[in-house]
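Only one structure is covered here, and it is reproduced in the block below.
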Ligand code: ASP
Ligand code: MG
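Residue numbers (the numbering used here): 89 to 553.
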């Protein structure tokens, strides 16, 4: 059995849906279980309509709903040929439209959207795309069933980033397994889950990848395929580095580092459930299904350079605390982290030199001012006593991350990186390397980021096999 997940762009248009259905049909002998995203852009539009509803903008909400409905109606009209099939599909979707109408009316009245209702608002995209896709397969002679993942994937918490209860999910996935054994193809909503009480939850934005690996784990699938709109994981962003190429093989650990650092091919949480059972993850392009894509497994061949990818993450801020008053004072870092953790700000990089005269943090740009305010508040006494000189923010910066498991055993990677960056006259503001040595991260000014990526890509010959 294999799990095949199709993302929003893979089901974004009538042609894409046809192509994706063709891919599933061709995989018939492998007993596919399909996991589907909402049609591209629909989740964004739903969330946006939710915000409009809080603001009381009834006409905008109505316009968004009409647009979402039109997108799906057009797809149905173009995809489903027989009038009877179309009528049956529209009948199946009617309760979803009615619920959507009620939910938005409720938000417009209450002018508030709790995390719980936000998840419900976001859930409609997958609940619409899945029945349409299943109908498409049936029309092609593939016996398929639309399955709502809220009956299968159980989460402990409500709200965004809910924690999956694997034991319960495994039990509930048994029905899926038996239906596959009878030769049927389940088409399951990605992204969605529910609490044991049946309250709708989601796995967070982009969470359909994670749905696929949770289901792959619980069904003990032979492979989890992530069908997307690129050829696979690349050595760099091809828009920055034209010679960038697709990597045939990477390891789970490398994939995890890469998905955190800018190579947005996989949702970061996707790796663990697959790695736990050694289930290979294959990343494939729906627009070019003949290509092998990237295979993610336990081990992967190491090249002589050690480095596999170089990516840049724009839109981050560097916040620094400086002053002699921190020397030898235990707990400074803890206080810094504590002050911003309360605001749910995510720290992307952290460093402290051994002189203990400054601590630097990298956070998302939107979190920059909040981080500075929180730190000023926390260290107010020290600032008044001049033990801390100041807390500053530089916002036009980018993180450059090199990832590769082979970096561990090869000395001189950092030296080579700094040399080529230095030769380009690019200033490095901060450096961090995890002790796993899988990742080397540097911070440069945003204006230098693309050149830094190109220089590093060339220095390690990442464009040649
Ligand atoms: N439709 C959801 C989103 O756009 C989940 C996904 O596509 O992975 O975030
Ligand atoms: Mg995605």
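Backbone N, C-alpha and C fix where the C-beta goes; we use that ideal spot for every residue, glycine too.
Between the region 251 to 263 and the region 170 to 179, do at least 3 Cβ pairs fall closer than 8 Å? no
Does DSSP put residue 484 in a helix, a strand or coil? Three-state DSSP puts residue 484 in a strand.
Only counting the same chain, and skipping five residues up and downstream in sequence, which positions put a Cβ closer than 6 Å to that of residue 519? 530
Three-state secondary structure assigned by DSSP to residue 475: coil
Residues that residue 384 bridges to, as DSSP identifies them: 338, 369
Can the beta-carbon of residue 393 be found closer than 7 Å to that of residue 548? Yes; because the gap between Cβ atoms is below 7 Å, this pair is in contact.
Is it the case that the Cβ atoms of residue 559 and residue 264 are separated by a distance below 7 Å? Because the chain spans 89 through 553 in this model, residue 559 falls outside it and cannot be assessed.
Are the beta-carbon atoms belonging to residue 121 and residue 91 less than 7 Å from one another? yes
Taking the alpha carbon of residue 141 as the reference point, which residue from 169, 188, 116, 437 has its own alpha carbon closest? 188
Using CA atoms only, rank isn't needed, just tell me which of 450, 313, 156 is closest to residue 402. 450
How close, in whole Å, do the beta carbons of residue 282 and residue 242 come, if the pair is a contact with beta carbons under 8 Å? Yes, residue 282 and residue 242 are in contact; Cβ-Cβ is about 7 Å, under 8 Å.
Is it buried or exposed for residue 387, if we count other Cβ within 10 angstroms and need 16 for buried? exposed
Measure from the alpha carbon of residue 563 to the alpha carbon of each residue in 460, 427, 381, 526, then state which is nearest. What the structure shows of the chain is the stretch from 89 to 553, and residue 563 is not part of that stretch, so it cannot be assessed.
If you draw a straight line from the alpha carbon of residue 98 to that of residue 372, how long is it in whole angstroms? Computed Cα separation, rounded: 11 Å.
By DSSP, does residue 534 sit in helix, in strand, or in coil? helix
Helix, strand or coil for residue 446? Go by DSSP, reduced to three states. strand
Beta carbon of residue 212: closer than 6 Å to some heavy atom of ligand 1? no
How is residue 120 classed by DSSP in three states: helix, strand or coil? Residue state, collapsed to three classes: strand.
Since I believe residue 397 is in contact with residue 491 (beta carbons under 8 Å), could you give me their beta-carbon distance rounded to a whole number of angstroms? 5 Å
Would you say residue 261 and residue 240 are within 7 Å of each other, going by their C-beta atoms? A contact, by the Cβ cut-off of 7 Å.
Pop quiz: residue 309 and residue 399 are said to be a contact at Cβ under 8 Å. What is the actual Cβ separation, rounded to whole angstroms? Not quite, the Cβ-Cβ distance comes to about 29 Å (not below 8 Å), so this is no contact.
Could you compute how far the alpha carbon of residue 415 sits from the alpha carbon of residue 370? 49 Å
Is it buried or exposed, residue 116, if we count other Cβ atoms within 10 angstroms and call 16 or more buried? exposed
Residues of its chain near residue 177, where Cβ-Cβ distance is below 8 Å and the 5 sequence neighbours each way are ignored: Within the same chain, residue 177 has close Cβ partners 164, 168, 219, 220, 223.
Rounded C-beta distance between residue 361 and residue 302? I'm assuming under 8 Å. Between residue 361 and residue 302 the beta-carbon gap is near 5 Å, inside 8 Å, which marks them as a contact.
Closer than 6 Å: is that where the CB of residue 33 sits relative to any heavy atom of ligand 1? The structure shown does not extend to residue 33, since the chain spans only 89 to 553, so no value can be given for it.
Work out the CA separation of residue 126 and residue 354 for me, nearest whole Å. Answer to the nearest angstrom: the Cα atoms are 16 Å apart.
Find out if the Cβ-Cβ distance for the pair residue 423, residue 466 is shorter than 7 Å. yes
Relative to the C-alpha of residue 319, which candidate in 380, 337, 345 has its C-alpha closest? 380
Once DSSP output is grouped into helix, strand and coil, what is the label at residue 274? strand
Residue 402 lies in the beta strand (DSSP E); which residues open and close that run? 397 to 410
Determine the burial state of residue 149: buried for a count of at least 16 other Cβ atoms within 10 Å of its Cβ, exposed for fewer. Buried, because 16 or more other Cβ atoms sit within 10 Å of the Cβ of residue 149.
By the three-class DSSP mapping on this structure, what secondary structure does residue 103 have? helix
Based on Cα-Cα distance, which residue from 475, 335, 477, 542 lies nearest to residue 489? 542
Short Cβ contact (7 Å threshold) for residue 130 with residue 300: no
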